[in-house]
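Notes to accompany the following structure.
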Amino acid sequence: MLDIALLRRDPERVRESARRRGQDSAFVDRVLELDETRRRALTALEALKAEKNALTASIARAADRGAAARELRPQIAALDARIEEAASAPPVIDAQIAAILGDVPNVLDPSVPPGAGSDDNVVLRSWGEPRAFDFVPKPHWELGETLGIIDFERAAKLSGSRFSILKGAGVRLQRAIAGFFLDRAAHNGYTELGVPYLVSRTTMWSTGQLSKFADAMFSDPSVEMFMIPTAEVPLTAYHKDEILTAALLPLQYCSHTACFRKEAGAAGKDTRGLIRQHQFEKVELVWLTPAERSLDDLDRLTAHAEGLLQELGLPYRTMLLCSADVGFNSAKTFDLEVWLPSDGGGYREISSCSSCTDFQARRSNIRFRRDAKAKPEFVHTLNGSGLAVGRTLLAVLENYQRADGGIDLPAALVPFAGFDVIAADGSAVRS
RNA sequence: GGAGAGGUGGCAGAGUGGUCGAAUGCACUCGCUUGGAAAGCGAGCAUACCGCAAGGUAUCGGGAGUUCGAAUCUCCCCCUCUCCGCCA
């Protein structure tokens with residue numbers, strides 16, 4: 001949520017950000033108008049309340065309270081009527097402002113390049129050479145089915161489309177990937193949390209997933225619980241309603257969770273394979289940090305995610321998302337796209353690293369004090385995948401496939417997997 | 001699911017109808033003291049909103065009510081804890 005003070009102080013900055021996102025900026029004037037009305041109504045109401053409080057206090061001070069109360073009752077009753085009338089407006093206006101502001105995306109960082117869509121994202125850097133194959137590389141779903149380590153058919157039988165069942169070496173490899181990510185996260189200073197996969201409506205709202213994205217999430221309305229679309233939600237909201245001390249910052253958390261998404265808007269896209277599933281695993285990295293460190297720490301977080309791809313020897317490129325492609329919560333986002341050799345080759349998103357500035361912290365009410373006497377300030381929240389586990393699995397399968405259909409594991413995964421080859425018959429082999 | 005207890009400032013914990021935004025302790029900040037430190041002493045120390053300011057308004061889990069007046073009384077809801085039941 002934006003600070004309404006920012007709209008008062010610098011409305012043009014908010015308008016410009018909205019325009020750069022390709023969105024209507026008319027809400028700025030609407031909110032400012034409501035705000036003006038609200039303040040006038042509030043001042044009037046508070047004056048009446050002050051008047052009443054003064055009368056009440058005089059009763060408390062009177063020698064004979066009963067007599068004083070009887071004497072002042074008509075005056076107070078008259079004030080009560082005016083107060084009741086004056087009190088009706090502010091909450092209504094507050095709700096109107098909150099409803100508008102709650103659906104306004106974060107203000108973009110100045111360094112975000114202009115653009116109209118994902119084609120305008122900027123390639124910042126590339127790492128690694130895509131491997132030259134002396135055979136036609138297969139897509140991972142073919143590899144997985146041939147090896148007998150991914151079973152889409154039976155998953156569809158159990159749950160429908162966009163589900164998969166990993167088996168044997170496949171699920172062991174997935175577990176190794178997650179273990180590798182968590183191990184590196186620990187080395188990079190992240191504290192691992194085992195978090196709930198179901199969270200309340202309030203929590204979802206406080207990290208910006210609601211109310212705009214309710215359609216994208218699985219939920220149980222009977223208990224008002226939502227299945228997390230990413231561990232960003234519980235990790236970011238972990239310190240909800242807390243006032244932290246500056247010495248604690250920056251805080252770094254990571255978690256390996258399943259994630260659940262309806263993918264309602266992606267009908268017909270990526271219908272084959274592991275790319276787009278209703279349920280997938282991810283290791284998420286989250287920072288809480290002071291404003292002045294926000295962008296530097298975003299670079300650190302991104303470097304941590306990139307380091308994983310480098311250790312795995314997976315070629316990737318780092319994209320700076322353009323103004324139209326930056327998500328609702330984010331002020332600035334880097335996407336990491338991993339090289340997939342199948343289908344002629346191409347880059348696919350495997351991590352998205354964002355600074356949400358104080359946008360989520362304001363919704364979550366997460367603050368800190370610079371020193372004992374300082375006023376609490378909102379922290380900045382950063383998040384990024386480190387990395388998407390399912391997509392890493394398919395990237396490993398495709399990039400490390402052999403002509404015979406077997407897979408050579410990248411060296412970094414071997415200690416976590418306990419094997420270094422998936423043989424052509426699907427068996428895990430330690431050579 | 002049943003029964004009970006409880007939710008007060010950064011923390012602990014008083015407060016059961018008025019002068020209570022809230023005792024006290026801890027933590028923290030500043031000062032005195034000291035060669036320095038500890039102890040001791042003194043002062044300060046919740047949040048949000050409105051206002052140039054003085055100041056005002058609201059907030060004791062959330063909401064509604066009683067009352068001239070509610071942290072305190074009533075009702076509803078939420079959460080936590082304990083015991084019982086059930087269960088991976």
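For the first sequence, position 341 matches number 341 in the numbering used here, and the numbering has no gaps at all.
No residue lacks a Cβ here, since even glycine has one placed at the ideal position from N, Cα and C.
Since this is a predicted model, take the numbers as computed values, not measurements.
Quick check on the burial criterion: 16 or more other C-beta atoms within 10 angstroms. Buried or exposed for residue i?
i: H187; result: exposed
i: F135; result: exposed
i: S161; result: exposed
i: K157; result: exposed
i: Q277; result: buried
i: E12; result: exposed
i: D220; result: exposed
i: L124; result: exposed
i: I350; result: buried
i: R65; result: exposed
i: D299; result: exposed
i: L248; result: exposed
i: V92; result: exposed
i: D343; result: exposed
i: R21; result: buried
i: N53; result: exposed
What does the alpha-carbon distance come out to for the pair residue i and residue j?
i: R30; j: R363; result: 21 Å
i: A89; j: E36; result: 12 Å
i: S111; j: A331; result: 9 Å
i: F152; j: N365; result: 42 Å
i: L182; j: L6; result: 38 Å
i: V122; j: A291; result: 25 Å
i: R348; j: V338; result: 5 Å
i: R70; j: E46; result: 24 Å
i: N383; j: L285; result: 6 Å
i: A67; j: D371; result: 51 Å
i: I100; j: S58; result: 43 Å
i: A216; j: E192; result: 27 Å
i: K269; j: E263; result: 9 Å
i: L312; j: Y253; result: 22 Å
i: F218; j: G194; result: 20 Å
i: V171; j: T230; result: 20 Å
i: E377; j: Q209; result: 23 Å
i: D420; j: A169; result: 10 Å
i: Q96; j: L308; result: 45 Å
According to DSSP, residue i sits in a beta bridge with which residue or residues?
i: M225; result: S200 and D220
i: I243; result: R367
i: A388; result: K282
i: S126; result: R317
i: N383; result: V286 and S354
i: L340; result: G346
i: V421; result: D408 and V429
i: F378; result: R367
i: E192; result: C254
Figure out for me which residue from the options has the closest Cα to the Cα of residue i.
i: F163; options: R261, E192 and G208; result: R261
i: C322; options: A41, G115, A176 and R61; result: G115
i: K240; options: S206, L249, A216 and R201; result: S206
i: R256; options: L314, N121 and A388; result: Residue 256 is actually His in this sequence, not Arg. Cα-wise, what sits closest to H256 is A388.
i: S118; options: D325, P234, A155 and A216; result: D325
i: R293; options: F416, A81, L2 and T381; result: T381
i: Q401; options: A303, R82, P137 and Y253; result: P137
i: D10; options: V107, A57, A44 and A77; result: V107
i: E398; options: P130, S427, P229 and M227; result: P130
i: K375; options: E51, A99 and L244; result: L244
i: L251; options: R172, G344, T289 and G273; result: T289
i: P113; options: V104, A87, K269 and E16; result: E16
i: F180; options: V421, R430 and P410; result: P410
i: L79; options: A98, A424, L48 and T56; result: L48
i: A424; options: D408, I228 and L42; result: D408
My output table needs one value for residue i: the three-state DSSP class, helix, strand or coil.
i: K430; result: Position check: residue 430 holds Arg in this sequence, whereas Lys was assumed. Coil, per DSSP.
i: S330; result: coil
i: A258; result: strand
i: Q360; result: helix
i: E263; result: coil
i: T207; result: coil
i: L108; result: coil
i: L249; result: coil
i: D335; result: strand
i: D64; result: coil
i: Q277; result: coil
i: L2; result: coil
i: D296; result: helix
i: Q96; result: helix
i: I165; result: strand
i: Q401; result: strand
Would you check whether the ligand ZN has a heavy atom nearer than 8 Å to the C-beta of residue i?
i: V421; result: Absence of the ligand ZN from the depicted structure is noted, as is the absence of any ligand whatsoever, leaving it without description.
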